[in-house]
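Each remark here refers to the structure printed beneath this line.
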Amino acid sequence: MSVRVILKDAEESQLEGKYFITGFRTLGETGYLAARYLVTAKRMKRIGFVVTKYQRDVAFLDDYGLATPYEIFYDDQDQVIVLLNHLLPFEREWSPFALAVTKWLKRISPKEVFLIGGLDKRYKNDQTDVRWLSTSKSTVKLDFPNIEKQLLMVGPLALLTVYAEIMDVPATVILPFADRDRADPQAAAVAIEVLKKVIGISVDVNQLYEDARKIQEELRRQMELMQNELSKFRSGDRVYM
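Taking our numbering as reference, the numbering of the sequence shown is continuous, increasing by one, and the terminal residue is 247.
Next up, the structure:
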């Protein structure tokens, strides 16, 4: 098989009936930021990896040590498995990746799969911060509107949703409104707040909100600099290099 799930220091039988959470570096990097925050804030134990035929050639140090592209973590306290995707697979591997992960999930029979993505906040039309949808086998109900009908999901998160539906895996997709042009830690915090309400996961998200505040402050500073430069340009006070 072109994509494999490799477990270390854990057996599939130990993971049966747990919650599973993942997301990708797509709109606002929401799913990735949420997954990584859960892993680092709760000091989860790394128990495995996903390996693909065209494995991304990246390794680096993260807060927990040497990081590889696709890693599986487990928290015994909250009975949660997290697939942390530091990178997107190559596009030609999106479908094999999602299929292999879903087949593995089918084997371990998770209580619920939570897939975290993002929606472009420019299209937000009410006061709610989240949209969602779920597969036929899911019993989760959220106090937010569903995603609008005919609004397309695309990419690896959509493929995980498709395969979960086909294979009767209970899955809920959580889609906070997010900034499409930059990483959006506030959207990630919103997603984790939803998880806290639904499954009682114990984690403080204040750091994510603080990160969001710092990003907004930096954007405001950059905007002021741009406005000052434009004012100089209009007044004729220009410096030529």
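The beta-carbon is built from N, C-alpha and C at its ideal position, and this holds for glycine as well.
None of the values given here were measured: they were computed from a predicted structure.
- If you look at Glu199, you'll find it isn't in any beta strand (DSSP E); it sits in the alpha helix (DSSP H) that goes Pro191 to Ile205.
- One Cα belongs to Thr167, the other to Val200, and the distance between them is close to 18 Å.
- Rounded to whole angstroms, the separation of the alpha carbons of Glu230 and Lys109 is 51 Å.
- A direct Cα-to-Cα measurement between Ala170 and Leu163 gives close to 11 Å.
- The residues Ile53, Gly54 and Tyr80, in chain order, have a CB closer than 7 Å to that of Ala16 in the same chain once the five nearest residues on each side in sequence are set aside.
- Around the beta-carbon of Ile12, fewer than 16 other beta-carbon atoms lie within 10 Å, marking it exposed.
- Separation of Trp138 and Val56 (C-alpha to C-alpha, rounded to the nearest whole angstrom) is 26 Å.
- Note that the C-beta distance between Met173 and Gly123 is not below 9 Å.
- Distance between Gln61 and Pro75, taken at the CA atoms: about 8 Å.
- Annotation for Tyr76: the continuous beta strand (DSSP E) segment containing it runs Tyr76 to Asp81.
- For Ala73, the uninterrupted beta strand (DSSP E) segment begins and ends at Gly71 to Ala73.
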